[in-house]
Structures are given as C-alpha cells and as structure tokens.
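Residue 932 in our numbering is what sits at position 82 of the sequence shown, and the numbering runs on without skipping anything.
Note that CB positions come from ideal geometry on N, CA and C, so glycine has one too.
Working notes, structure below.
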Amino acid sequence: RPKRDRLVSVSIQSFKDTPFVLPGRKNNIRIVADQLFEDAGFVPVIVFESGNGMTVDAMIRRGAGAGFLPMRYLKPEPELACFRLDPPCFEISYIRYSADRVLTAPERCLLGVLIEERLKTSSQELIPSPEIDSFLEELS
C-alpha cells in the first residue's frame, strides 16, 4: 500500500481540464468531490457517472478519466498514477440513531468495533464530541 506521504501532492486545480469518472450523486465520494470542485471554483468535465463502484473503477482503468479513491483502498498498481490532494479532503461518516433510543448490547458492541477500527487507521480520525468521549469512557 503506498504511504500517503510518498504520494505527490497536487491541487485539484491541476485537473481542471481533465475528464472525470465519478460515482452517482448520492455516493459519499461524489458528495465530497462535488464540494471539492465547488470550493476550487470550477465545474468538472464528467464523462461517465455510475452508481456501481466497480464500473467506475473499470472506466478509470480503461483511461476514460480521472477519479477519486479513499486512501484505505489505495494499492500500488503500475497502470494507475495516484496523487494526494493538497489540501486533503475528507469523507465524514456518521452513525445516527434516535436520541430516545437505548442501544442494545449488540448495537453498542458494533459501535465500539467501528470506533476502534476508525482509531486504528492513521488516515481516519474521529470528530470530537461529548457523545463519543462518553462512549469511549464507558468502554475503558
């Protein structure tokens, strides 16, 4: 797996005239990408869009355009050039449930596993919150 600090850093502006292959509009990566393009002040040339991640990946591999990949899925592949965005962008994941709901033991266990996995991954971080702090305190 390529180390994040070994990847060449580039601005999204470097890809202003590059065609893009993107996931569908409801996909988290697409939501982050759309915000990235908006913040950079340009509308990307989207040559292909799909709700299927494997199809998006196949189109990128066939040279249809550039695309985005979370760091956790990045593997060294000689046929693909990878760059780190500068500034970096982040996907924020949430776990939501009704404030009135008391989580069952299995649900609390799942939440604990998800948080632990997030904390193990150097490219991931938790958003500080009193709820997370309280939950982690209960686990320790």
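request  = Note the first and the last residue of the continuous alpha helix (DSSP H) segment covering residue 935.
outcome  = Translated into positions along the sequence shown, residue 935 becomes position 85. It is not in any alpha helix (DSSP H) - residue 935 instead sits in the beta strand (DSSP E) that spans 933-935.
task = Count the other C-beta atoms from every protein chain shown that fall within 10 angstroms of the C-beta of residue 858, then say buried if there are 16 or more, exposed otherwise.
result = Taking the sequence shown and counting its residues from 1, one reaches residue 858 at position 8. Around the Cβ of residue 858, a 10 Å sphere holds fewer than 16 other Cβ atoms; the residue is exposed.
ask   = How far does the beta strand (DSSP E) with residue 928 in it reach, from first residue to last?
value = Residue mapping note: residue 928 aligns to position 78 of the sequence shown, counting from 1. First-last for residue 928: undefined, no H or E at that position.
Stretch-stretch touch, CB-based, cutoff 8 Å, three pairs: the stretch 878-897 with the stretch 951-967 = no
query = Hey, how far is the Cα of residue 868 from the Cα of residue 914?
reply = On the sequence shown, residue 868 is found 18 positions in, with the first residue counted as 1. On the sequence shown, residue 914 is found 64 positions in, with the first residue counted as 1. Spanning the two alpha carbons is a distance of roughly 10 Å.
Residues that DSSP places opposite residue 872 in a beta bridge = The residue labelled residue 872 in the question sits at position 22 within the sequence shown. Bridge partners of residue 872: 899.
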